[in-house]
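Novice: Below you'll find the structure I mean.
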Amino acid sequence: MATKAWAAAATFNPPPLTLSPSSPAQSVSTARGEAPRGLRLLCRRPRPAKLVCRRAKNAGYDDYKFPDPIPEFAEQETSKFREHMAWRLEQKKEDYFGEHVEEIVDICTEILGSFLINDYCGPGTLLVHPFLDMKGEIKERGLPGAPQAARAAIAWAEKNIDKDWKAWTGEY
Numbered sequence: 008m009a010t011k012a013w014a015a016a017a018t019f020n021p022p023p024l025t026l027s028p029s030s031p032a033q034s035v036s037t038a039r040g041e042a043p044r045g046l047r048l049l050c051r052r053p054r055p056a057k058l059v060c061r062r063a064k065n066a067g068y069d070d071y072k073f074p075d076p077i078p079e080f081a082e083q084e085t086s087k088f089r090e091h092m093a094w095r096l097e098q099k100k101e102d103y104f105g106e107h108v109e110e111i112v113d114i115c116t117e118i119l120g121s122f123l124i125n126d127y128c129g130p131g132t133l134l135v136h137p138f139l140d141m142k143g144e145i146k147e148r149g150l151p152g153a154p155q156a157a158r159a160a161i162a163w164a165e166k167n168i169d170k171d172w173k174a175w176t177g178e179y
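By the numbering used here, the letter at position 84 of the sequence shown is numbered 91, and the numbering carries on one by one without gaps.
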């Protein structure tokens with residue numbers, strides 16, 4: 008039934024083609040959606056796309072500067088993170104991590120600590136890259152539970168880091 012409706016619509020609404028007869032005496036008839044013989048299709052060049060995100064262009068992002076990382080904050084968060092990860096991975100030791108919990112916690116803590124010291128500049132700057140690095144490093148070393156450890160780290164970071172930054176700096 009849908010095919011019949013589509014065919015009927017095509018008969019009443021032929022495709023928007025511009026046809027040019029090869030000789031002036033020929034007539035153009037596209038009642039059935041077919042181009043008569045001897046006609047050439049005229050087409051124009053596609054226009055170059057001028058896509059501009061006006062909202063981003065006018066937003067004035069140059070006015071806002073993120074603060075520099077705070078090393079003392081990074082140290083405090085890193086120690087909180089280490090405690091949480093040791094506790095969390097110890098709970099799943101039997102299922103995923105085996106006897107490698109301490110190694111995995113060390114890897115995750117080192118990577119997150121480096122990110123916090125060098126790159127984290129407050130809310131809005133928590134990136135996914137350190138967590139991907141955690142997963143990759145754990146896998147490279149042949150340790151079990153890389154996805155689970157990275158997921159636990161992400162969950163903790165999303166819940167705590169921005170909130171703790173606001174409490175540290177007094178910005179609520």
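C-beta: ideal position from N, C-alpha, C; glycine also. None of these values were measured; they are calculated from a predicted model.
Under three-state DSSP, which class holds residue 65?
Specialist: Summary for residue 65: the model assigns pLDDT 49, below 50, so the residue's position carries little reliability, and this model does not support an answer.
Novice: Pick helix, strand or coil for residue 120, following the three-state DSSP scheme.
Specialist: Note: residue 120 maps to helix in three-state DSSP.
Novice: State yes or no: is the C-beta of residue 145 within less than 7 Å of the C-beta of residue 153?
Specialist: yes
Novice: Compare the Cα-Cα distances from residue 72 to each of 163, 138, 155, 131 and report the closest residue.
Specialist: Closest option to residue 72, Cα to Cα, is 131.
Novice: Just list the alpha helix (DSSP H) runs in the segment 81-134, keeping only unbroken ones of 4 residues or longer that don't cross its boundaries, in chain order.
Specialist: 108-125, all fully within the segment 81-134.
Novice: Would you kindly report the start and end of the unbroken alpha helix (DSSP H) that includes residue 138?
Specialist: In the DSSP assignment, residue 138 falls within the alpha helix (DSSP H) that extends over 136-147.
Novice: For a test of the three-state rule: what should DSSP assign to residue 178, helix, strand or coil?
Specialist: Coil at residue 178, not helix or strand.
Novice: Just how far apart, CA to CA, sit residue 117 and residue 125?
Specialist: 12 Å
Novice: Suppose contacts are defined by Cβ-Cβ distances below 7 Å. Is residue 175 in contact with residue 80 by that definition?
Specialist: Taking 7 Å as the Cβ cut-off, residue 175 and residue 80 qualify as a contacting pair.
Novice: Taking the alpha carbon of residue 123 as the point to measure from, which residue in 177, 92, 86 has its own alpha carbon closest?
Specialist: 86
Novice: Among 139, 77, 110, 156, whose alpha-carbon lies nearest the alpha-carbon of residue 102?
Specialist: 156
Novice: Sort 142, 106, 110, 133 by Cα distance to residue 166 and report the nearest one.
Specialist: Checking every option, the nearest Cα to that of residue 166 belongs to 133.
Novice: Report back the beta-carbon spacing between residue 76 and residue 127 to the nearest angstrom; my notes put them in contact at under 8 Å.
Specialist: 6 Å
Novice: Quick check: the Cα distance between residue 169 and residue 84, rounded to an integer number of angstroms?
Specialist: Straight-line Cα distance between these residues: approximately 10 Å.
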